[in-house]
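Report on the structure given below.
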Amino acid sequence: MPAMIDGIHVVSTETIPGFIIKDQLGVVSGSTVRAKNVVRDFTQMLKNIVGGELPQYTELLVESRNEAFARMVADAKARGANGVVNLRFATSAVSPGAAELFCYGTAVVTE
Amino acid sequence: MFYAVCGIPLLLLVLWGVFWSIYGLLFSFAYPFMFLYGAFTSSSKRREWQDNLLIREKQTLSKTGKDVLSMDKLRRPQDVSESGVIWTSIVIGPSHWQQLLAAIYMLFGGSIDIYRDLIALGRSEVFQRLREMATDKGYDAVIGVRLDTSMIGTHRGKSQGSKGIEIFAYGTGVKFDKSL
Numbered sequence: 004m005p006a007m008i009d010g011i012h013v014v015s016t017e018t019i020p021g022f023i024i025k026d027q028l029g030v031v032s033g034s035t036v037r038a039k040n041v042v043r044d045f046t047q048m049l050k051n052i053v054g055g056e057l058p059q060y061t062e063l064l065v066e067s068r069n070e071a072f073a074r075m076v077a078d079a080k081a082r083g084a085n086g087v088v089n090l091r092f093a094t095s096a097v098s099p100g101a102a103e104l105f106c107y108g109t110a111v112v113t114e
Numbered sequence: 010m011f012y013a014v015c016g017i018p019l020l021l022l023v024l025w026g027v028f029w030s031i032y033g034l035l036f037s038f039a040y041p042f043m044f045l046y047g048a049f050t051s052s053s054k055r056r057e058w059q060d061n062l063l064i065r066e067k068q069t070l071s072k073t074g075k076d077v078l079s080m081d082k083l084r085r086p087q088d089v090s091e092s093g094v095i096w097t098s099i100v101i102g103p104s105h106w107q108q109l110l111a112a113i114y115m116l117f118g119g120s121i122d123i124y125r126d127l128i129a130l131g132r133s134e135v136f137q138r139l140r141e142m143a144t145d146k147g148y149d150a151v152i153g154v155r156l157d158t159s160m161i162g163t164h165r166g167k168s169q170g171s172k173g174i175e176i177f178a179y180g181t182g183v184k185f186d187k188s189l
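From first to last, the protein sequence lines are chains A and B. Okay, so the first sequence: first residue is 4 according to my numbering, each after it adds one. Okay, so the second sequence: first residue is 10 according to my numbering, each after it adds one.
In structure tokens form, the structure reads like this:
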């Protein structure tokens with residue numbers, strides 16, 4: 004997750020420090036629903052008996068968030084924005100074994 | 010002809026059955042040992058994790074001078090030369106021993122300290138990861154930090170499947186302009 008991805012500057016604050024926001028182009032969002040395969044679920048189930056961190060799930064969620072983030076950035080780019088402010092993330096477990104990762108923000112034009 | 014058409018699916022079916030019966034046998038032998046291992050080691054592991062975390066927190070603090078994370082807005086935005094969003098997360102699962110104890114405590118109600126300790130430790134860990142990530146990327150501070158906690162996992166029946174708590178933190182890393 005670099006500071007600039009595809010020429011889009013993404014921050015979670017209200018303004019991008021050092022830039023003046025000229026125009027806002029509405030809310031952009033990206034989401035993904037992902038599940039790990041059966042083998043990984045099985046190994047994590049075994050790990051869960053003993054307790055502690057479940058690294059495969061951590062990795063899965065990071066990957067999925069990267070995907071949701073990339074979709075949001077593509078949405079922003081399609082609208083002709085060059086920045087996204089007020090980025091927020093949301094997670095929901097849609098069904099056992101699958102999670103929805105959602106991110107949204109306001110697409111803006113800066114100079 | 011009959012065997013050629015029906016033989017392969019039948020063979021697969023038999024193999025599937027054999028696989029699950031072996032798995033069930035192994036699992037029922039191994040489960041008590043794993044359960045006991047978890048019961049004996051979970052508290053000492055947690056303490057070890059906690060000590061390790063304290064050491065890492067001190068290391069980052071000595072490197073940066075003060076805590077890099079804050080929920081504030083910037084006071085002087087003109088000082089910033091670079092900014093970008095960073096995020097990190099952790100999935101922790103209470104061991105089956107802890108889940109059993111928690112289920113017993115839940116009968117009586119009140120504070121479930123086992124889960125509270127585990128989640129508190131997970132939160133500190135995820136904050137520490139965010140600090141380390143920020144210093145690795147060369148950011149001087151992280152502003153507008155937010156936390157998000159959610160339940161994930163596969164609840165297949167009562168005993169099968171895993172139970173995970175995901176803790177997720179994100180914020181905007183900023184680099185200060187040193188020439189000003």
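All residues carry an ideal CB built from backbone N, CA and C; glycine is no exception.
Whole-angstrom distance between E141/B and D76/B, CA atom to CA atom: The residue given as residue 76/B occupies position 67 in the second sequence. The residue given as residue 141/B occupies position 132 in the second sequence. Approximately 11 Å, taken between the alpha carbons.
Evaluate the contact criterion for the stretch 47-63 of chain A versus the stretch 86-94 of chain B: three or more CB pairs, one atom per stretch, below 8 Å. no
When the cut-off is 8 Å and only beta carbons count, does R74/A lie next to chain B? Your numbering for residue 74/A matches position 71 in the first sequence. For R74/A, the answer is no, since every Cβ of chain B falls outside 8 Å of its Cβ.
If you follow the alpha helix (DSSP H) that A71/A is in, where does it begin and where does it stop? Taking the first residue of the first sequence as 1, we reach residue 71/A at position 68. A71/A -> alpha helix (DSSP H) spans 58-81.
Rounded to the nearest angstrom, what separates Y46/B and G26/B at their Cα positions? Walking along the second sequence from the start, residue 46/B turns up at place 37. Walking along the second sequence from the start, residue 26/B turns up at place 17. About 30 Å.
Mind checking whether A110/A and A84/A have CB atoms under 8 Å apart? Here residue 110/A refers to the residue found at position 107 when the first sequence is read from its first residue. Here residue 84/A refers to the residue found at position 81 when the first sequence is read from its first residue. Yes.
From which residue to which residue does the alpha helix (DSSP H) around S133/B run? By 1-based counting over the second sequence, the position of residue 133/B is 124. First-last of the alpha helix (DSSP H) with S133/B: 122-145.
Rounded straight-line distance, which links the Cα of T94/A to that of S32/A: The residue labelled residue 32/A in the question sits at position 29 within the first sequence. The residue labelled residue 94/A in the question sits at position 91 within the first sequence. Between S32/A and T94/A, the C-alpha separation is close to 13 Å.
Comparing C-alpha positions only, which one of V14/B, L22/B, G173/B sits nearest to S190/B? Only positions 10 to 189 of chain B appear in the structure, and residue 190/B is not among them; the question remains open.
Give me the Cβ distance between S51/B and Q107/B, rounded to the nearest whole Å; I'm assuming they're in contact under 8 Å. Counting from 1 along the second sequence, the entry for residue 51/B is found at position 42. Counting from 1 along the second sequence, the entry for residue 107/B is found at position 98. Between Q107/B and S51/B the Cβ distance is about 6 Å, and since that is below 8 Å, they are a contact.
Determine the DSSP secondary structure at F38/B, reduced to helix, strand or coil. To locate residue 38/B, count along the second sequence from 1; it is residue 29. Helix.
Could you spell out where the alpha helix (DSSP H) holding T46/A opens and where it closes? Numbered from 1 along the first sequence, position 43 holds the residue referred to as residue 46/A. Here the alpha helix (DSSP H) through T46/A covers 41-53.
Measuring only the C-alpha atoms, how far is P103/B from E66/A? Stepping through the second sequence from its first residue, residue 103/B is reached at position 94. Stepping through the first sequence from its first residue, residue 66/A is reached at position 63. Cα atoms of P103/B and E66/A: separation of roughly 23 Å, rounded to the nearest angstrom.
What are the partner residues of D26/A, as DSSP defines its beta bridges? Here residue 26/A refers to the residue found at position 23 when the first sequence is read from its first residue. According to DSSP, which records beta bridges pairwise, D26/A is partnered with V112/A.
What does DSSP give as the partner residue(s) for A101/A in the beta ladder? Position 98 of the first sequence, counted from the first residue, corresponds to residue 101/A. DSSP, once it has assigned bridges, lists S98/A as partnering A101/A.
Near Y40/B, which residues of its chain fall below 8 Å by C-beta distance, leaving aside the five closest residues on each side in sequence? Here residue 40/B corresponds to residue number 31 of the second sequence, with the count starting at 1. The answer is none, since no qualifying residue turns up.
Whole-angstrom distance between I152/B and K50/A, CA atom to CA atom: In the first sequence, counting from the first residue as 1, residue 50/A sits at position 47. In the second sequence, counting from the first residue as 1, residue 152/B sits at position 143. If I take the Cα positions, the gap works out to 35 Å.
Could you confirm whether any beta carbon from chain B is found closer than 8 Å to the beta carbon of S67/A? Here residue 67/A refers to the residue found at position 64 of the first sequence. No, because no Cβ of chain B sits closer than 8 Å to the Cβ of S67/A.
Sorted by chain position, which residues of the same chain lie with C-beta nearer than 7 Å to F136/B's C-beta, five sequence neighbours on each side aside? The residue labelled residue 136/B in the question sits at position 127 within the second sequence. Excluding residues within five positions, the ones whose Cβ falls inside 7 Å are L78, A178.
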